[in-house]
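**Student:**
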Amino acid sequence: MSKISDAMDRIREIQRDSDKPPLRNRRRADRTDTHDPTGDTWTGLRLVELDQDLLERNRILTAESDRAAAEMSYKMLRTRMIRRLRDNGWSSVVVTSADTGAGKSVTAINLAISVALESNQTAYLVDLDLRQSSLHTYLGVEPPAGDLTAYLEGRCGLHDVLVDAGIPRLYFAFNSIPQQHSAELLSSTRMRDFVAELHTKDPNGLIIYDAPPLLVADDVLAFLPNFDAVLMVVAEGQTSREDLNKCIDMLSEVEVLGLVLNKSHSANRKSAYY
Ligand SMILES: Nc1ncnc2c1ncn2[C@@H]1O[C@H](COP(=O)(O)OP(=O)(O)O)[C@@H](O)[C@H]1O
Ligand SMILES: [Mg+2]
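Here my numbering is used: the first residue of the sequence shown is 6, the next is one more, and so on.
#1: Per DSSP, what kind of secondary structure is residue 213 in: helix, strand or coil?
#2: Only counting runs of 4 or more residues, tell me where the alpha helix (DSSP H) segments fall wholly within the stretch 136–209, in order along the chain.
#3: Below 8 Å on the Cβ atoms is my guess for residue 130 versus residue 177; work out the distance and round it to an integer in Å.
#4: Can residue 211 and residue 90 be called in contact, C-beta distance under 9 Å?
#5: Say yes only if the C-beta of residue 215 is nearer than 8 Å to one or more non-hydrogen atoms of ligand 2, and no if none qualify.
#6: Return yes when the C-beta of residue 183 is under 8 Å from any heavy atom of ligand 1, and no when it is not.
#7: Nearest to residue 261 by alpha carbon, out of 100, 81, 139, 137?
#8: Just grab the DSSP bridge partners of residue 125 for me.
#9: Would you say residue 109 touches ligand 2, meaning its beta carbon is less than 8 Å from a heavy atom?
#10: Assuming residue 82 contacts residue 215 (C-beta within less than 8 Å), just tell me the rounded distance between them.
#11: Distance, Cα to Cα, residue 109 vs residue 150?
#12: Tell me which residue opens and which closes the alpha helix (DSSP H) that residue 227 is part of.
#13: Return the residue from the list 251, 238, 240, 213 that minimises the CA-CA distance to residue 118.
#14: When the distance is taken between beta carbons, is residue 139 closer than 9 Å to residue 232?
#15: Excluding the five sequence neighbours on either side, which residues of its own chain have a C-beta within less than 6 Å of the C-beta of residue 23, listed in chain order?
#16: Measure the Cβ-Cβ separation of residue 207 and residue 43 and say whether it is below 9 Å.
#17: Is it buried or exposed for residue 184, if we count other Cβ within 10 angstroms and need 16 for buried?
#18: Assuming contact is defined by CB atoms lying nearer than 9 Å, are residue 87 and residue 111 in contact in what I supplied?
#19: Tell me which residue opens and which closes the alpha helix (DSSP H) that residue 84 is part of.
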């Protein structure tokens, strides 16, 4: 049986076994747990307001979302991911896929929101896809002039890059202009500085990287020493078994937390496999 079918069967098993009720909608004003363990580490960051309708259109979970099934899937994914990371003392995960369009960015955003909303854990979502950066587009945010590339080129500091979008415990690092020399940037000492600086400022923070696809360029491999584990997004009916096998071979030296089956026809929703 193909790996994708294996994953799908296991996903359905997990869903069947789950007897937990879906999360209730949470309205922003109803949330009481807005404690941010980073305290005033990030005061003065650039603040942006998110357009809830745009988020809904872009399949991004919001506090007002009425998509309990999708929310449940991300919640399961988040819980398993955090447990695996904590068990191993890890703090960063790269979200990647074989090719473009599998749903990495949507998955990474929803996962980061789910982490920040539901656990007492600060999260950082970093747009590492320097050739096809899309986090800011999905969220409807104009990236600051000091974006990730500006940091990597030594033109600004960490405080200039991080953006506070009003979601408690969640901070974004966007990129705006496509970079052709992305692999050099991702393997640079400035990239290592970025990771180290973030870790020093917030040792308990969880960093989620929205990464480029594995089979298009060697960007993820260039970034290799900087992250702990990988989450592979597999799009049903889109990612071929051959490509998935190539990715698994490429990641033989890397901790793969699991596969996320996206665009599942049967369940009409995102599903997760660990
Ligand atoms: N679960 C899903 N169901 C249907 N469409 C989806 C799903 N996840 C993502 N998409 C859509 O697929 C396209 C590619 O998603 P994106 O996250 O940008 O992929 P990637 O980052 O892997 O290139 C977007 O139009 C997005 O809205
Ligand atoms: Mg993307």
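We put the CB at the ideal spot given by N, CA and C, even for glycine.
**Tutor:** Straight from the coordinates:
#1: strand
#2: 140–144, 153–157, 163–166, 187–191, 194–206
#3: 5 Å
#4: yes
#5: yes
#6: no
#7: 100
#8: Partner(s): none; residue 125 has no beta bridge.
#9: yes
#10: 15 Å between Cβ atoms; not a contact.
#11: 24 Å
#12: 224–227
#13: 213
#14: no
#15: Confidence at residue 23 is low in this model, with a pLDDT of 38, below 50, so the placement of that residue should be treated as unreliable; the coordinate-derived value is given next. Closer than 6 Å at Cβ, skipping near neighbours: no residue.
#16: yes
#17: buried
#18: no
#19: 73–93
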